[in-house]
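K.L.:
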Amino acid sequence: MKLTIQVNEGPYQHQSADTAYYFAKAALEKGHEIFRVFFYHDGVNNGTRLTTPPQDDRNIVNRWSELAQEHNIDMVLCVAAAQRRGIVDDGEAERNGKDTTNIAPGFRISGLGQLVEGGIQSDRLIVFGD
Amino acid sequence: MAMLHVVNKSPYDACNLNTASSIMKEGDQLLLIEDGVYGAMKNAKAESLLNGLKVSVLGPDLAARGISQDKLVDGIDVVDYAGFVDLVEANDKVQSWL
Numbered sequence: 095m096k097l098t099i100q101v102n103e104g105p106y107q108h109q110s111a112d113t114a115y116y117f118a119k120a121a122l123e124k125g126h127e128i129f130r131v132f133f134y135h136d137g138v139n140n141g142t143r144l145t146t147p148p149q150d151d152r153n154i155v156n157r158w159s160e161l162a163q164e165h166n167i168d169m170v171l172c173v174a175a176a177q178r179r180g181i182v183d184d185g186e187a188e189r190n191g192k193d194t195t196n197i198a199p200g201f202r203i204s205g206l207g208q209l210v211e212g213g214i215q216s217d218r219l220i221v222f223g224d
Numbered sequence: 068m069a070m071l072h073v074v075n076k077s078p079y080d081a082c083n084l085n086t087a088s089s090i091m092k093e094g095d096q097l098l099l100i101e102d103g104v105y106g107a108m109k110n111a112k113a114e115s116l117l118n119g120l121k122v123s124v125l126g127p128d129l130a131a132r133g134i135s136q137d138k139l140v141d142g143i144d145v146v147d148y149a150g151f152v153d154l155v156e157a158n159d160k161v162q163s164w165l
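Structure (structure tokens):
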């Protein structure tokens, strides 16, 4: 089964960023394919490399980055949501005149069309959020 | 065409479970996760909503809230994350009642 996962909630907010991650991991362990994880609304905060949670807490951002790299998963942050919340990659820094970037490894910034395509190309679209 | 309905809000906090349970069709499946697991408790607010429905609840979220399985409405299936994935596969569509 091919899956697209939508995450609408930021890390350390309620529980959905964790639920989505554990669901993704379980799906991969069962041999399913994750076509894309699309981060929307506050979910884009899952993709900033500048978070520093306490050492005895889970690192939600790094966990996503590692999952993306281990399984070659396309992780997309919604561009309009990212701009509002200050999540920046090289292209956005240049376009909007920002002096730095903060996007975490394994993520990229793109548009809502990526969510639509994920829904079309996948067998199931599952939404996690608050 | 079976649908998996996912509810993640407590019935004490929101009316998502009322909406989901009233809209579910024959053959559909309900999965309670996160604070939604409070909806699976016996002798509690939402018990009557579950009559006649196929109901599963996410075990790790029960454990995180200290709810033991003997507190659940009879006939509810407790699943882990792998079971969650199986439910997604077994149903044609997934509706999250956020």
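Protein chains in written order, with this note's numbering: chain P, 95 to 224; chain X, 68 to 165. Cβ atoms here follow ideal geometry from the backbone N, Cα and C, with glycine treated the same way. Here the structure is a predicted model, which is why all the values come from computation and not from measurement.
Which residues of the segment 101 to 119 of chain X have a Cβ closer than 9 Å to any Cβ of chain P? Give them in chain order.
P.N.:
Those would be 101 and 102, in chain order.
K.L.:
Using only the alpha-carbon positions, how far apart do residue 78(X) and residue 119(P) sit?
P.N.:
Rounded to the nearest angstrom, the two C-alpha atoms are 28 Å apart.
K.L.:
In terms of residues, what are the limits of the beta strand (DSSP E) holding residue 72(X)?
P.N.:
Residue 72(X) -> beta strand (DSSP E) spans 70 to 74.
K.L.:
By the 10 Å Cβ neighbour count, where 16 or more other Cβ atoms means buried, how is residue 103(P) classified, buried or exposed?
P.N.:
With 16 or more Cβ atoms within 10 Å of its Cβ, residue 103(P) is classed as buried.
K.L.:
May I ask you to list, following chain order, the residues of the segment 106 to 131 of chain P that have a beta carbon less than 8 Å from some beta carbon of chain X?
P.N.:
If the cut-off is 8 Å between Cβ atoms, the segment 106 to 131 of chain P has 108, 109, 110, 113, 116, 117, 119, 120, 121, 123, 124 and 126 near chain X.
K.L.:
In the DSSP assignment, find the unbroken alpha helix (DSSP H) run with residue 119(P) in it and report its ends.
P.N.:
Counting along the chain, the alpha helix (DSSP H) containing residue 119(P) begins and ends at 110 to 123.
K.L.:
If you measure from the CB of residue 202(P), is any heavy atom of the ligand GDP nearer than 8 Å?
P.N.:
Absence of the ligand GDP from the depicted structure is noted, as is the absence of any ligand whatsoever, leaving it without description.
K.L.:
Can you have a look at residue 76(X) and say buried or exposed, based on whether 16 or more other CB atoms are within 10 angstroms of its CB?
P.N.:
Residue 76(X) comes out buried.
K.L.:
How many Å lie between residue 108(P) and residue 125(X) at the Cα?
P.N.:
So the alpha carbons of these two residues sit roughly 16 Å apart.
K.L.:
Taking the beta strand (DSSP E) that residue 220(P) belongs to, which residues open and close that run?
P.N.:
Taken as a continuous stretch (DSSP letters only), the beta strand (DSSP E) holding residue 220(P) covers 218 to 222.
K.L.:
Contact criterion: CB-CB distance below 9 Å. Does residue 149(X) meet it with respect to chain P?
P.N.:
Yes, residue 149(X) lies at the interface with chain P (some Cβ there is under 9 Å from its Cβ).
K.L.:
So, are the CB atoms of residue 141(P) and residue 169(P) less than 9 Å apart?
P.N.:
Yes, the Cβ-Cβ distance between residue 141(P) and residue 169(P) is below 9 Å.
K.L.:
Against chain P, does residue 73(X) count as a neighbour if the rule is that its beta carbon must be under 9 Å from one of theirs?
P.N.:
Yes, its Cβ sits closer than 9 Å to a Cβ of chain P.
K.L.:
Please tell me whether residue 78(X) has its Cβ less than 9 Å away from any Cβ of chain P.
P.N.:
No, residue 78(X) lies away from the interface with chain P (no Cβ there is under 9 Å from its Cβ).
K.L.:
Just the C-alpha distance for residue 80(X) and residue 115(X), rounded to the nearest angstrom, thanks.
P.N.:
Approximately 17 Å, taken between the alpha carbons.
K.L.:
Name the DSSP bridge partner or partners of residue 142(P)?
P.N.:
DSSP lists 197(P) as partners of residue 142(P).
K.L.:
Mapping the DSSP letters down to three states, classify residue 121(X) as helix, strand or coil.
P.N.:
Three-state result, residue 121(X): strand.
K.L.:
Quick check on the burial criterion: 16 or more other C-beta atoms within 10 angstroms. Buried or exposed for residue 147(P)?
P.N.:
So residue 147(P) ends up on the exposed side.
K.L.:
Rounded to the nearest angstrom, how far is the Cβ of residue 133(P) from that of residue 97(P), given a contact under 8 Å?
P.N.:
The Cβ separation is near 15 Å, so there is no contact.
K.L.:
Considering only their Cβ atoms, is the gap separating residue 117(P) from residue 151(X) smaller than 9 Å?
P.N.:
It is a contact, given that the beta carbons lie within the stated cut-off.
K.L.:
When we look at the beta-carbon of residue 101(X) and count the other beta-carbons within 10 Å, is it buried (16 or more) or exposed?
P.N.:
It counts as buried.
K.L.:
Using a C-beta to C-beta distance shorter than 7 Å, which residues of chain X count as neighbours of residue 184(P)?
P.N.:
Neighbours of residue 184(P) on chain X: none; closest Cβ ~33 Å, over 7 Å.
K.L.:
With distances taken between CB atoms, is the gap from residue 170(X) to residue 98(X) smaller than 9 Å?
P.N.:
Only positions 68 to 165 of chain X appear in this structure, which leaves residue 170(X) out of reach.
K.L.:
How far does the alpha helix (DSSP H) with residue 154(X) in it extend, from its first residue to its last?
P.N.:
Unbroken alpha helix (DSSP H) run through residue 154(X): 148 to 157.
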